[in-house]
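Asker: Quick one: structure below, then a few questions.
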Amino acid sequence: MVQPRMVSQPPTKPKRDNTPPKPSSQANRINTQLTKADETSANDENEVRREDQEKINRFSRLHQRETVLEEQLKGKQKDKEDLEEVSMELELADEDELVPYKIGDSFFQLPLPDAQAMLSTSTEKIDADVSKLEDSLGELREEMQQLKVALYARFGRSINLET
Numbered sequence: 001m002v003q004p005r006m007v008s009q010p011p012t013k014p015k016r017d018n019t020p021p022k023p024s025s026q027a028n029r030i031n032t033q034l035t036k037a038d039e040t041s042a043n044d045e046n047e048v049r050r051e052d053q054e055k056i057n058r059f060s061r062l063h064q065r066e067t068v069l070e071e072q073l074k075g076k077q078k079d080k081e082d083l084e085e086v087s088m089e090l091e092l093a094d095e096d097e098l099v100p101y102k103i104g105d106s107f108f109q110l111p112l113p114d115a116q117a118m119l120s121t122s123t124e125k126i127d128a129d130v131s132k133l134e135d136s137l138g139e140l141r142e143e144m145q146q147l148k149v150a151l152y153a154r155f156g157r158s159i160n161l162e163t
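For the sequence shown, the UniProt record's numbering gives the first residue as 1, with consecutive numbering after it.
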């Protein structure tokens, strides 16, 4: 006997209610109040004038320069420490020995007193470079602080200038 074949119908999708849920009257009133307050403060605070944008750009350039100067300062301080270490080592060296001294990319054999004199000259130059970099960083950070004060006074929490 042949059994009848059942034809299945495609499943039907449940109907969705596309109407959004109605908020309570209190929540609606709070949202309206926040929106009006936000609009008022947004119009006052978020309007960026040309002079504000120039200050922001200046701050950004100063920040980039600060990071470069900090890296240079770290390098100079490391060089200074290395020179001081070499100076300590040369104090223990024998007076009659020739000492290899690097000038540019080459090493030259120099008498100990000459090497020590050149080393002290290099140390003085590095000290001057370090103090010059520290002064530049101080001036730069002072100007950045003035810009921060002005921009935070203008924009409040709407701007983040922390580095």
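A virtual CB, placed ideally from N, CA and C, is assigned to each residue, including glycine.
Could you tell me the distance, in whole angstroms, from the CA atom of methionine 144 to the CA atom of aspartate 79?
Answerer: Residue numbering aside, residue 144 sits at position 144 when the sequence shown is read from its first letter. Residue numbering aside, residue 79 sits at position 79 when the sequence shown is read from its first letter. Going from the Cα of methionine 144 to the Cα of aspartate 79 covers about 28 Å.
Asker: Between the Cα of residue 164 and those of Ser122, Gly75, Glu85, Asp96, spot the shortest distance and give me the residue it belongs to.
Answerer: Residue 164 lies beyond the range of the chain shown here (1 to 163); nothing can be said about it.
Asker: Rounding to the nearest angstrom, what Cα-Cα distance links valine 99 and glutamate 51 in this structure?
Answerer: Within the sequence shown, numbered from 1, the residue matching residue 99 stands at position 99. Within the sequence shown, numbered from 1, the residue matching residue 51 stands at position 51. Computed Cα separation, rounded: 59 Å.
Asker: Assign leucine 112 to one of three DSSP states: helix, strand, or coil.
Answerer: Within the sequence shown, numbered from 1, the residue matching residue 112 stands at position 112. In the structure shown, leucine 112 sits in a helix (DSSP, three-state: H, G or I).
Asker: Does lysine 74 pass the burial test, meaning 16 or more other C-beta atoms within 10 Å, or should it be called exposed?
Answerer: Sequence index remark: in the sequence shown, residue 74 carries index 74 (1-based). By the neighbour-count rule (16 or more Cβ atoms within 10 Å), lysine 74 is not buried but exposed.
Asker: Output the boundary residues of the alpha helix (DSSP H) element that contains isoleucine 56.
Answerer: The residue labelled residue 56 in the question sits at position 56 within the sequence shown. That run of the alpha helix (DSSP H) goes 50 to 91.
Asker: According to DSSP, is isoleucine 159 part of a helix, a strand, or is it coil?
Answerer: What you label residue 159 is simply residue 159 of the sequence shown in a count that begins at 1. Coil at isoleucine 159, not helix or strand.
Asker: Can you tell me whether lysine 76 is buried or exposed? The criterion is at least 16 other CB atoms within 10 Å of its CB, across all chains shown.
Answerer: Locating residue 76 in the sequence shown gives position 76, where the first residue counts as 1. Looking at its Cβ environment, which holds 16 or more other Cβ atoms inside 10 Å, lysine 76 is buried.
Asker: I'd like to know whether the C-beta atoms of leucine 161 and leucine 147 end up nearer to each other than 9 Å.
Answerer: Locating residue 161 in the sequence shown gives position 161, counting from the first residue. Locating residue 147 in the sequence shown gives position 147, counting from the first residue. In this structure, leucine 147 lies closer than 9 Å to leucine 161 by Cβ.
Asker: Per DSSP, what kind of secondary structure is serine 106 in: helix, strand or coil?
Answerer: Walking along the sequence shown from the start, residue 106 turns up at place 106. Of the three classes helix, strand and coil, the one that applies to serine 106 here is strand, per DSSP.
Asker: Would a C-beta distance cut-off of 9 Å place leucine 90 and glutamine 72 closer than the cut-off?
Answerer: By one-based count along the sequence shown, residue 90 stands at place 90. By one-based count along the sequence shown, residue 72 stands at place 72. No. Outside cutoff.
Asker: Between the C-alpha atoms of serine 155 and asparagine 57, what's the straight-line distance to the nearest angstrom?
Answerer: Along the sequence shown, read from residue 1 onward, the residue named residue 155 stands at position 155. Along the sequence shown, read from residue 1 onward, the residue named residue 57 stands at position 57. According to the sequence displayed, residue 155 carries phenylalanine and not serine. When rounded, the distance between both Cα atoms is 15 Å.
Asker: So the candidates are Glu47, Val48, Glu66, Gln53; which of them puts its Cα closest to the Cα of glutamate 142?
Answerer: If you number the sequence shown from 1, residue 142 lands on position 142. Selected option, being the one with the closest Cα: Glu66.
Asker: Do you know offhand how far glutamate 84's Cα is from leucine 62's?
Answerer: As a working mapping, residue 84 is identified with position 84 in the sequence shown. As a working mapping, residue 62 is identified with position 62 in the sequence shown. Distance between the alpha carbons of glutamate 84 and leucine 62: 32 Å.
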